[in-house]
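Colleague:
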Amino acid sequence: MRKADYLLVLVLVVLAILGYGFFALRSNSTNKILIIKHDNTVVERIPLKGVTAETKLAINVQDGTLIVRYDKNGAWVEESPCPDKICQHQGKITKTGETVACVPEKVLLTIEEPQKEAEHDAILK
Amino acid sequence: MPSSSKITVREITQMGILLAGAIALRLLESTLSYLLPLPGAHLGLANCITIIVIYLYGPKKALLFLSTRILLVGLLFTGLFTPGFLIGLGGALLSFAAMVFGIELQTFSAVGVGLLGAFFHNVGQILVAIFLMHTTALLSYLPVLIILGISTGFFTGFLAKLFLSRLQGYWQSK
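Taken in sequence, the protein lines are chains Z and X.
First residue of the first sequence: 14, per the working numbering; consecutive thereafter.
First residue of the second sequence: 58, per the working numbering; consecutive thereafter.
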């Protein structure tokens with residue numbers, strides 16, 4: 014181990030802490046909107062505040078059906094036909110800015126704030 | 058580091074053995090991946106072999122070695138040009154470039170090179186995933202991947218260093 018190696022570890026730790034801080038600072042507001050995208054188009058846009066019971070949603074994807082579940086706190090992928098199941102293991106997302114991605118099936122769940130979402134829409138148009 | 062750009066039969070043979078090792082390690086770590094806290098994370102044991110190859114044979118031959126490994130691993134496990142393959146490819150190429158840079162600088166030991174490799178492997182993977190999914194939201198995975206990368210990078214770098222020091226005198230590349 015040389016001095017530069019220790020320095021590199023330090024730089025990486027600082028980078029990780031800064032990154033973590035950046036994402037943790039985002040508010041856990043009550044006004045959350047769940048966005049479900051498939052193949053880069055929005056298929057569902059659900060304001061979680063109005064959700065009363067746990068709901069199941071099936072999305073037709075390349076290899077079959079991907080099942081998403083959501084309640085008033087957040088959302089998760091219950092079942093996916095993709096080979097690696099990474100999306101299933103990612104578990105539930107509850108905070109704004111969090112995301113679950115299933116890259117093989119091109120499905121993306123994100124939780125956003127209404128304000129922020131509006132900004133995104135403007136960019137996309 | 059070797060200066061000759063011509064590849065000898067001796068080198069081909071040695072790299073063949075290392076290639077078989079790299080592929081076996083890749084298979085091993087995909088069966089061990091449940092040990093890690095994050096889905097899809099790897100120990101990067103195959104990267105350990107890449108470090109050894111760059112040190113022993115130089116960047117050019119190591120790139121040939123890496124391309125062969127990526128192609129074979131793609132054919133054997135993930136399938137060619139699937140999203141998983143492309144993400145791995147992005148990670149492998151960026152981490153290779155970073156490790157070659159780190160070795161040429163000569164300020165890092167193999168441990169530092171392993172750390173660089175792990176960090177840039179994660180960055181490369183996330184960048185390809187962002188490109189495929191058209192969303193920057195995936196960046197939120199990066200902090201936890203960096204922390205994980207410090208431990209795996211340290212481990213692979215340390216192993217490479219140990220391997221290279223044991224090898225000295227027994228396995229010269231001339």
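Note that beta-carbon positions come from the ideal geometry of N, C-alpha and C, so glycine has one too.
Would you mind telling me which residues of chain Z sit closer than 9 Å to glycine 174(X), beta carbon to beta carbon, in chain order?
Modeller: Position 117 of the second sequence holds residue 174(X). Under the 9 Å cutoff, chain Z gives no residues; its nearest Cβ is about 11 Å from glycine 174(X).
Colleague: Which of the three DSSP states, helix, strand or coil, is assigned to tyrosine 112(X)?
Modeller: Counting from one through the second sequence, the residue named residue 112(X) turns up at place 55. Helix.
Colleague: Can you give me the C-alpha to C-alpha distance between tyrosine 227(X) and glycine 210(X), rounded to a whole angstrom?
Modeller: The residue labelled residue 227(X) in the question sits at position 170 within the second sequence. The residue labelled residue 210(X) in the question sits at position 153 within the second sequence. Straight-line Cα distance between these residues: approximately 26 Å.
Colleague: What are the partner residues of threonine 123(Z), as DSSP defines its beta bridges?
Modeller: Your numbering for residue 123(Z) matches position 110 in the first sequence. Its beta-bridge partners are Ile48(Z) and Thr112(Z).
Colleague: Can you pull the chain Z neighbours of valine 168(X), defined as C-beta to C-beta under 7 Å?
Modeller: Reading the second sequence from its first residue, position 111 is the one you call residue 168(X). Met14 and Asp18, listed in chain order.
Colleague: Please name the residue in Asn44(Z), Asn73(Z) and Lys50(Z) whose C-alpha comes closest to that of valine 64(Z).
Modeller: The count along the first sequence starts at 1 and reaches residue 64(Z) at position 51. The candidate whose alpha carbon is nearest that of valine 64(Z) is Asn44(Z).
Colleague: What residues in the segment 182-204 of chain X bring their beta carbon closer than 7 Å to a beta carbon of chain Z?
Modeller: Answer in chain order: Ala186, Leu189, Met190, His191, Thr192, Ala194, Leu195, Ser197, Leu199, Pro200, Ile203 and Ile204.
Colleague: Relative to the alpha-carbon of serine 93(Z), which residue among Val24(Z), Lys119(Z) and Leu25(Z) has its alpha-carbon at the smallest distance?
Modeller: The residue you call residue 93(Z) lines up with position 80 of the first sequence. Answer by Cα proximity: Lys119(Z).
Colleague: Please confirm whether histidine 51(Z) and isoleucine 72(Z) have their CB atoms less than 8 Å apart.
Modeller: Numbered from its first residue, the first sequence carries residue 51(Z) at position 38. Numbered from its first residue, the first sequence carries residue 72(Z) at position 59. A contact, by the Cβ cut-off of 8 Å.
Colleague: Under 8 Å Cβ-Cβ, which residues of chain Z neighbour threonine 139(X)?
Modeller: For this step, residue 139(X) is matched to residue 82 along the second sequence. Neighbours of threonine 139(X) on chain Z, chain order: Pro117.
Colleague: What are the residues of the segment 139-157 of chain X that lie near chain Z, defined by any Cβ-Cβ distance shorter than 8 Å?
Modeller: Thr139, Pro140, Gly141 and Ile144
Colleague: Please list the terminal residues of the continuous alpha helix (DSSP H) segment that includes asparagine 179(X).
Modeller: Looking up residue 179(X) in the second sequence gives position 122. Start and end: 167-190.
Colleague: Check the Cβ of glutamate 111(Z) against every Cβ in chain X and list those closer than 9 Å, keeping chain order.
Modeller: Counting from 1 along the first sequence, the entry for residue 111(Z) is found at position 98. Correct list: Ala194 and Ser197.
Colleague: Helix, strand or coil for threonine 135(X) per DSSP?
Modeller: Against the second sequence, residue 135(X) aligns to sequence position 78. If DSSP states are grouped into helix, strand and coil, threonine 135(X) belongs with the helices.
Colleague: Candidates Phe177(X), His191(X) and Gly181(X): which alpha carbon is nearest leucine 21(Z)'s?
Modeller: The residue you call residue 21(Z) lines up with position 8 of the first sequence. For leucine 21(Z), the nearest C-alpha among the options comes from Phe177(X).
Colleague: Apart from the five residues just before and just after alanine 175(X), which ones in its own chain have a Cβ nearer than 6 Å to its Cβ?
Modeller: On the second sequence, position 118 is the one that residue 175(X) refers to. Hits under 6 Å: Gly101, Gly206, Thr209 and Gly210.
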